[in-house]
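This report refers to the structure that appears directly beneath it.
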C-alpha cells in the first residue's frame with residue numbers, strides 16, 4: 036500500500052479512536068460524503084468537476100475534509116438547488 040494511503044488510513048483510525056473534533060482533521064471518504072448528503076455518486080462527481088467541493092484523491096479514492104464540507108454548505112445556504 037502507498038505510504039500516503041497508509042497515512043490517510045491512520046488518520047481515519049486515529050479520528051475514530053480519539054474522536055478528534057477539529058474539522059480540519061476529520062476526513063470522510065466518498066461513500067460517507069454520498070451517504071451524508073443522500074446523493075448519487077454522479078452528483079458527487081459533478082460537484083467535484085464543477086469545483087463546488089474541495090477534495091483529495093489518493094489512488095482513485097476520494098476524500099473530503101469536514102472543514103471543506105462545512106464551507107460547501109455555507110457557500111450554498113438558502114439555495115434550492117446546488
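Numbering (my numbering), first residue to last: 36 to 117.
All residues carry an ideal CB built from backbone N, CA and C; glycine is no exception.
| query | result |
| --- | --- |
| Excluding the 5 residues preceding and the 5 following residue 80 in the sequence, name in chain order all residues of the same chain whose CB lies nearer than 6 Å to its CB. | none |
| For a minimum of 4 consecutive residues, which ranges assigned as the alpha helix (DSSP H) are wholly contained in the segment 56–104? | 65–72, 76–84 |
| CB-CB under 6 Å to residue 59, same chain, minus the five flanking residues each way: which ones, in chain order? | 102 |
| What's the C-alpha gap between residue 110 and residue 75? | 21 Å |
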